[in-house]
Amino acid sequence: AQSATQLDSHVSVSEGTPVLLRCNYSSSYSPSLFWYVQHPNKGLQLLLKYTSAATLVKGINGFEAEFKKSETSFHLTKPSAHMSDAAEYFCVVSERSAGNMLTFGGGTRLMVKP
Amino acid sequence: DVKVTQSSRYLVKRTGEKVFLECVQDMDHENMFWYRQDPGLGLRLIYFSYDVKMKEKGDIPEGYSVSREKKERFSLILESASTNQTSMYLCASTLIGSGNTIYFGEGSWLTVV
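Sequences listed follow chains A and B, in order. The numbering of the first sequence is the working numbering, which starts it at 1 and goes up by one. The numbering of the second sequence is the working numbering, which starts it at 115 and goes up by one.
Here is the structure:
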């Protein structure tokens, strides 16, 4: 069975400092991995996705994530946080053996201090 | 741009009422999904549909049913609403295939009193 575990439910950073949101996954086969962002009272927007091509994936708004099979991790990073990055972030895993169903992590709320 | 539209953003219903949540997508996607989102639990799949009139149970189907009479429309039905169904409901759609982006609606906030 597939799963996504987000290691921190809340992360707080100062504006201009790096962001690290951690996600470990479990999957029987080669998974597809996604990061979605949800701003207050909004739906989910895709930040980036990994689908077995390059292990370092660049997304929108300066975010990127690295797929590390040996560590079963897919952490999301950004060099410099902006106030507008404050939102909830979800790590998502999908594998073909599960019918490409998405399994969501519990979410990480990112707070950005001025 | 893909659009997934949930017609009701905020609803308040009484316990025992029948509730319909409607979702429409405009990109001819085969797959459609209903999730509920609760604090600390992330998103949990209620039902999904991979074609017209086809449906499959997700992780938490109890107390819900769905209808997909047309490809673009996927409805979630609460036959008899209960207070533990107070939640945010998200509809999503995607093309069939591995790794395809899933597009989400903006959510429907349902409060059952």
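Every residue, glycine too, gets a C-beta built ideally from N, C-alpha and C.
| query | result |
| --- | --- |
| Whether Y89/A touches F74/A by CB criterion (8 Å) | no |
| Validate contact between the region 182-198 of chain B and the region 142-159 of chain B using beta carbons, cut 8 Å, 3 pairs | yes |
| Residue nearest to Q199/B in terms of C-alpha spacing, selected from D152/B, T119/B, R123/B, V138/B | D152/B |
| Minimum Cβ-Cβ distance from F134/B to chain A less than 8 Å | no |
| Beta-carbon spacing of G120/A, L47/A below 8 Å | Because residue 120/A is not part of the residues shown, which for chain A are 1 to 114, the question remains open. |
| Secondary structure of Q45/A, DSSP reduced to three states | strand |
| Counterpart residues of G130/B in DSSP-defined beta bridges | None; G130/B has no bridge partner. |
| Contact the region 188-207 of chain B vs the region 16-26 of chain A: 3+ CB pairs below 8 Å | no |
| Proximity winner among S84/A, L102/A, G62/A, relative to L194/A (alpha-carbon distances) | Nothing about residue 194/A can be reported from this structure: the residues present for chain A run from 1 to 114 only. |
| Residue environment, S80/A, which counts as buried when at least 16 other CB atoms sit within 10 Å | exposed |
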